[in-house]
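Engineer: Have a look at this one.
Residue numbers (the numbering used here): 35 to 284.
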């Protein structure tokens with residue numbers, strides 16, 4: 035991978051954007067994964083390298099939502115159990131997939147998730163003043179599947195988690211986002227450890243992304259508690275498709 039100023043600037047910009055987007059909905063890895071692959075990392079190493087920034091931005095975002103009083107701590111145990119278990123399974127599978135297979139799978143999945151984010155945002159937005167539902171068999175399975183997906187790919191997992199937390203458990207968007215970040219923090223640590231053992235983390239770009247996404251996550255939380263930017267999903271869709279096409283043609 036190129037380590038010049040231009041490459042670092044691209045990674046930093048993608049990281050700030052990813053941290054910002056992930057605190058409000060999800061899909062930040064739709065920016066960082068294609069950027070890493072476009073700059074020369076194999077798909078498997080890009081997938082592992084991306085995980086450090088997931089951990090740092092999630093930790094930053096959880097702390098910021100907690101300070102805003104938007105983190106429902108009583109719901110954490112029932113949410114984290116299924117997602118962490120699924121993430122371990124997904125990450126283990128991802129470390130065994132050859133890069134030549136993983137790259138088109140990653141890019142195709144990212145484009146599909148981005149399109150869903152753009153055309154069906156109401157899937158994750160319950161009506162105002164609706165009381166959250168207790169965890170049941172379907173919602174528990176949904177969280178497990180979200181964990182498997184997050185452990186395997188990560189890109190767009192925030193939207194998948196919001197679909198369960200908002201669409202099935204009926205948390206409002208701010209509380210669902212806070213719980214989503216708590217989930218990605220814990221299973222992000224599990225996934226990162228697995229990728230480190232598999233030697234699929236490039237530390238220099240990982241650190242650049244980690245710092246940049248923390249900055250973006252702090253900006254995103256401040257923005258999220260004031261406004262719901264529906265227009266942002268369409269911008270993300272355009273950026274994702276452009277980056278994925280460029281990475282695929284590289």
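C-beta: ideal position from N, C-alpha, C; glycine also.
Owing to the predicted nature of the structure, the values given are computational and were not obtained by experimental measurement.
(1) Alpha carbon to alpha carbon, what distance is there between residue 176 and residue 241?
(2) Determine the contact status of residue 195 and residue 180, defining contact as a CB-CB distance below 9 angstroms.
(3) Rounded to a whole number of angstroms, what is the C-alpha to C-alpha distance between residue 225 and residue 125?
(4) Could you check the C-alpha separation between residue 131 and residue 78 for me, to the nearest Å?
(5) Can you confirm whether the stretch 97-110 touches the stretch 250-257 when touching is taken to mean that 3 or more C-beta pairs between the two stretches lie within less than 8 angstroms?
(6) Looking at the structure shown, is residue 71 part of a helix, part of a strand, or coil, going by DSSP?
(7) Check whether the Cβ atoms of residue 227 and residue 92 lie closer than 9 angstroms to each other.
(8) Excluding the five sequence neighbours on either side, which residues of its own chain have a C-beta within less than 7 angstroms of the C-beta of residue 70, listed in chain order?
(9) List, from N- to C-terminal side, the alpha helix (DSSP H) runs of 4 residues or more that fit wholly inside the stretch 83-113.
(10) Take residue 113 as the anchor and find which of 169, 129, 64, 74 has the nearest alpha-carbon.
(11) If I'm right that residue 213 touches residue 106 with Cβ under 8 angstroms, what's the distance once you round it to whole angstroms?
(12) Using a Cβ-Cβ cutoff of less than 6 angstroms, which residues in the same chain neighbour residue 41 once the five nearest sequence positions on both sides are dropped?
(13) Using CA atoms only, rank isn't needed, just tell me which of 68, 121, 88 is closest to residue 142.
Structural biologist: In short, the structure shows the following:
(1) Numbered from its first residue, the chain shown carries residue 241 at position 207. Numbered from its first residue, the chain shown carries residue 176 at position 142. Cα to Cα, residue 241 sits roughly 32 angstroms from residue 176.
(2) For the purposes of this step, residue 195 is identified with residue 161 of the chain shown, where counting begins at 1. For the purposes of this step, residue 180 is identified with residue 146 of the chain shown, where counting begins at 1. Yes, they are a contact pair.
(3) On the chain shown, position 191 is the one that residue 225 refers to. On the chain shown, position 91 is the one that residue 125 refers to. A direct Cα-Cα distance of roughly 5 angstroms separates residue 225 from residue 125.
(4) Locating residue 131 in the chain shown gives position 97, counting from the first residue. Locating residue 78 in the chain shown gives position 44, counting from the first residue. In this structure, the alpha-carbon of residue 131 lies about 8 angstroms from that of residue 78.
(5) Output reads yes: the stretch 97-110 touches the stretch 250-257.
(6) Taking the first residue of the chain shown as 1, we reach residue 71 at position 37. Three-state DSSP puts residue 71 in a helix.
(7) Along the chain shown, one-based indexing puts residue 227 at 193. Along the chain shown, one-based indexing puts residue 92 at 58. In this structure, residue 227 keeps its C-beta atom at 9 angstroms or more from the C-beta atom of residue 92.
(8) The residue you call residue 70 lines up with position 36 of the chain shown. The answer, listed in chain order, is 80, 83, 84, 239.
(9) Correct list: empty.
(10) Working through the chain shown from its first residue, we reach residue 113 at position 79. Residue 113 has its Cα closest to that of 169, out of 169, 129, 64, 74.
(11) By one-based count along the chain shown, residue 213 stands at place 179. By one-based count along the chain shown, residue 106 stands at place 72. Contact flag correct, Cβ pair sits at about 7 angstroms.
(12) Residue numbering aside, residue 41 sits at position 7 when the chain shown is read from its first letter. By the criterion of a C-beta distance shorter than 6 angstroms, residue 41 is surrounded in its chain by 73, once the five residues flanking it on both sides are discounted.
(13) Position 108 of the chain shown, counting from 1, holds the residue named residue 142. Checked all of 68, 121, 88; the closest Cα to residue 142 is 68.
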